Amino acid sequence: MPFTSIESFAKERVVAVQEYSLLAGRAVANLFSPPIYWADIWEQMDSIGVGSLPIVILTGFFTGCVLALQSATALKEFGAVSKTGSLVSLSMVKELGPVLTGLMVSGRNASGMASELGSMKVTEQIDAMRALGTDPLRKLVAPRLIATVFMLFFLTIISDAVGIAGGALVSVTLVGLQWSSYLVDSYIGLVYGDVVAGMTKPLFSGFIIATVGCYFGLKTTGGTQGVGRATTQAVVVSSVFIIVVDFLVTRLMIGIFGS
Amino acid sequence: MIGKGARPIEQLEPGAPVVVFENVSIGFDGKPVLKNISFEVDRGQTMIILGPAGCGKSVLMKLANGLLSPDSGVITVFGQEITAMSEREMFKLREHIGMVFQESALFDSLSVEDNVAYRLHEEHMPEDEAHAKVVEALKFVELEAAIDKFPSELSGGMRRRVSIARAIITAPDLILYDSPTGGLDPITSTTIIELVIKQRDVTHTTSLLITHRIQDAFTLATHRFNKEAGHMEPIPDGGIDDSTRFLILNEGSIVFHGSTMDLVHSEDPWIKEYLS
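As they're listed, the protein sequences go chains A and B.
So in numbering that gives the first Met the number 0, the last one in the first sequence is 258, and the numbering has no gaps at all.
So in numbering that gives the first Met the number 0, the last one in the second sequence is 275, and the numbering has no gaps at all.
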């Protein structure tokens, strides 16, 4: 890897932030003016939403199972094992559901977007699209953006639900709690602010996954090796962004709802 | 701005050039690629761009279509200064420009029919009408049998022909051919050049063509398309096509710009060596 001066490294980073901001801004603006490629939006919703269901369900379910098992063990020492339900539901809805779903979808779809768009870029298909009078941001980025934000929201709800169900299964079969006791405790443990906080995060994560994936895809240079590099960068950057933004949103929500 | 349905070439003053480059320069990573390039392409002309690999031919072609912006200089297409146009305005102008890319650049997830009909689908043309136009365009490039195939199922020459069909389907007023014969065997190259000559002589569309093969360039200059016989033939009595002009680049600068006869009689030692 060649060494670069601090100045040129800083310039590269500033230019990258500028280009990313322009891409994200234009992709959002394109959602509010015609033409809108509805067929591409449905296709992306199917690919991103339905296609991610298996990994989201599996991840959510087993996270709930592990959470219940760990919590019950710790709570038993304080004689509060009946609180397992609220601990699992709070953890899943506020934090683990949104973040893990975001990370899983990022791993699957940010990489997919970067490699697909990257391949199109290095084979001049993006230039061909522009030459044919089509805006690639409108045709390729905007549908992925709206589909990811919309579907990640519902995937997170599914993840939360199966996580709580997984926790219930473990609590009943291994810890010895009653179904009703677990579910009532889970329900009571959640307040309005928790649900709003948990449902706000996937909106940001979806935006990050789509824009970062598309950005690295459209910036790809250097043939197939470049496509591989763009794919890796997209997953790494979007995953880090998701966790950083998760912290910022959590802080914001605590400021708003106070807990 | 171009209104819907209006052809920009119709708004061009009689005798005005279709493409004008004025002192155009561009560089990448601090290295100049094109330096003070100035030339004009008149209506109906075929400008053949020659030059060694890496001299900036493809960059010049992308500049002509607004796919790249120059660092300095002015580019005018159909009388409109594209260097001052937004990307959105360029999309409207590009509806009247066809482009054949070096590696075809077909959309690999779409069939041949959908690739060729891409622009028609963007214009929401009824499916039956679009299909008829696709068949007509594929007949022009003699590839109608491949309509349901995907790009991965085609040979390099077939992909190039599909790319030409995609470029000409809306009867553009300017066609940009970026090395349409690059990487092809001599027989397939001749087939592609015949299609370019056919397009030139049937529709008299203004075009820019990059080629690495000097024999292709001279075939273009010395042949015409015989509509009755359905194939190209040498222009009788050793004639030369008047509409063919040459532009030769070397190290980012123009080293020759003129007619076929000017090129053949050039005394410039570098050009003589390049052509030999």
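C-beta: ideal position from N, C-alpha, C; glycine also.
As the structure is a computational prediction, the values presented were derived from the model and not from experiment.
Secondary structure note for R159(B): its alpha helix (DSSP H) is the uninterrupted segment 155-167. DSSP, reduced to helix, strand and coil, places I35(A) outside both helices and strands of the structure shown, so it counts as coil. Contact of E121(B) with chain A is assigned, a C-beta pair being separated by under 7 Å.
DSSP places M150(A) in no beta strand (DSSP E) but in the uninterrupted alpha helix (DSSP H) bounded by 141-169.
Assigned with DSSP and collapsed to three states, S103(B) falls in strand. The three-state reading of DSSP puts G97(B) in strand, counting E and B together. C-alpha of R223(B) to C-alpha of A52(B): approximately 28 Å in a straight line. Inclusion of K200(A) and V248(A) in the CB contact set at 7 Å is warranted, their separation being smaller than that value.
Judged by DSSP in its simplified three-state form, H230(B) adopts strand.
When secondary structure is reduced to three states using DSSP, H256(B) falls in the strand class. Residues are counted here when their Cβ sits less than 7 Å from a Cβ of chain B; for the region 110-124 of chain A these are T122, E123, Q124, given in chain order. In terms of beta-carbon proximity, T249(A) stays away from the interface with chain B, with every pair separated by 7 Å or more.
For R93(B), the nearest beta carbon of chain A is closer than 7 Å to its own beta carbon. Nearest C-alpha to I47(A) among I253(A), G205(A), I242(A): G205(A).
Under the Cβ distance rule, R129(A) counts among the residues neighbouring chain B, one pair being separated by less than 7 Å.
Along the region 133-164 of chain A, going in chain order, the ones with a CB nearer than 7 Å to a CB of chain B are T133, D134.
Under the 8 Å Cβ criterion, the region 226-235 of chain A does not count as touching the region 131-144 of chain A, having fewer than three qualifying pairs. Contacts between N225(B) and chain A, judged by CB atoms closer than 9 Å, are missing: the closest CB pair is about 31 Å apart.
Bounds of any alpha helix (DSSP H) do not take in V92(A), whose DSSP letter is neither H nor E. Contact check for S105(A) against I208(A) passes: the beta carbons are separated by less than 7 Å. Measuring C-alpha to C-alpha distances from E80(B) to each of H120(B), V18(B), S178(B) identifies V18(B) as the nearest.
In its chain, beyond the 5 residues on either side, P135 have a beta carbon closer than 6 Å to the beta carbon of M128(A). The Cβ atoms of E18(A) and F100(B) do not sit closer than 7 Å to each other. Taking a cut-off of 8 Å on C-beta distances, the region 90-97 of chain B touches the region 168-175 of chain B, as three or more cross pairs fall below it.
In the displayed model, E39(B) falls within a strand according to three-state DSSP.
Listed along chain A, the residues sitting closer than 8 Å to R118(B) by beta-carbon distance are L131, G132. In terms of Cβ geometry, T219(A) and K120(A) form a close pair [threshold 7 Å]. Spanning the alpha carbons of R212(B) and I54(A) requires a straight line of approximately 53 Å. Contact with chain A is absent for F149(B), since none of that chain's Cβ atoms lies less than 7 Å from the residue's Cβ.
Short of 6 Å from the beta carbon of S252(B), and not among the five residues preceding or following it, lie these beta carbons of its own chain, in chain order: K34.
Taking a 10 Å sphere around the C-beta of Q224(A), we find fewer than 16 other C-beta atoms and assign the residue as exposed. Segment contact: the region 142-149 of chain A against the region 80-96 of chain A, fewer than three CB-CB distances shorter than 8 Å; contact not assigned. Between G111(A) and V226(A) the beta-carbon gap is near 12 Å, outside 8 Å, which marks them as no contact.
I209(B) is bridged by DSSP to I48(B). A distance below 6 Å between beta-carbons, with the five flanking residues on each side excluded, links S114(A) to the following residues of its chain, in chain order: V226, T230.
Residues of the same chain with a CB within less than 6 Å of the CB of T204(B), apart from the 5 flanking positions on each side, are I174 in chain order.
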